[in-house]
Amino acid sequence: MFKKILIANRGDVALRVLRACKEMQIPTVIVHSTADADSMPVRLADESVCIGPPSSSESYLNVAAIITAAGITGADAVHPGVGFLAENADFADIVAAHGLTFIGPEPRHIRSMGDKVEAKITAAEAGLPLVP
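Here my numbering is used: the first residue of the sequence shown is 1, the next is one more, and so on.
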């Protein structure tokens, strides 16, 4: 079980992850931009860390800030939610390289499914029906 989960997302996605963590009695850290400082996820999380200005490229996509937030709060796992970094295999690799658990698919699976041709080959090899 995780001792603390950092949630690297916002809005409804973050609220759903927060709810699941609360049900499992796992403390949470939410990262946020300055624009989301008063948001519901920030208010409901056990801890919050501002990681940048409103622009997603400077906050929710700022890998260094997210990893730093995990380190300073003692989080041992990162949940990317959906969008933003959830489909970024390099981010999953970086999370693991810092001794943290990425809550999501393994990087090799993210890479495989991110490439539409590779995804179709993988699905066919697994015996799944395909649309021509």
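All C-beta atoms in this analysis are idealised placements derived from N, C-alpha and C, irrespective of residue type, glycine included.
Distance cut-off 7 Å: residue i Cβ against heavy atoms of the ligand ATP
i     : result
Val29 : Because no ligand of any kind appears in the structure shown, any question about the ligand ATP cannot be addressed here.
Anticipated Cβ contact below 8 Å, residue i with residue j, distance rounded
i     : j      : result
Val78 : Ile103 : 7 Å
Ala89 : Ile110 : 4 Å
Ala14 : Gly114 : Not quite, the Cβ-Cβ distance comes to about 23 Å (not below 8 Å), so this is no contact.
Phe91 : Leu85  : 4 Å
Leu61 : Pro41  : That pair is no contact at about 17 Å.
Continuous alpha helix (DSSP H) stretch holding residue i: start and end
i      : result
Ser48  : No alpha helix (DSSP H) contains Ser48, which is instead part of the beta strand (DSSP E) from 47-52.
Ala96  : 89-97
Ser39  : Unbroken run through Ser39: none, as it is neither H nor E.
Ser59  : Per DSSP, Ser59 belongs to no alpha helix (DSSP H) and is neither H nor E.
Gly114 : 107-114
Spatially closest choice to residue i from the options, by CA coordinates
i     : options                     : result
Ser55 : Val117, Leu6, Ala35, Pro132 : Ala35
Gly11 : Ile26, Lys4, Ile30          : Ile30
Ala70 : His98, Gln25, Leu18, Pro129 : His98
Leu6  : Pro105, Arg43, Ser48, Ser33 : Ser48
Leu44 : Ser57, Lys22, Val131        : Lys22
Ala8  : Ala20, Phe2, Met24, Ser33   : Ser33
Residue(s) in a DSSP beta bridge with residue i
i     : result
Val13 : None, per the DSSP bridge assignment.
Phe2  : Per DSSP, none; premise fails for Phe2.
His32 : Cys50
Ile7  : Ile30, His79
Backbone CA spacing between residue i and residue j [nearest angstrom]
i      : j      : result
Lys4   : Arg108 : 25 Å
Ala65  : Val95  : 12 Å
Ala119 : Ser112 : 6 Å
Gly74  : Ile51  : 16 Å
Gln25  : Glu58  : 31 Å
First and last residue of the uninterrupted beta strand (DSSP E) at residue i
i     : result
Ala77 : 77-79
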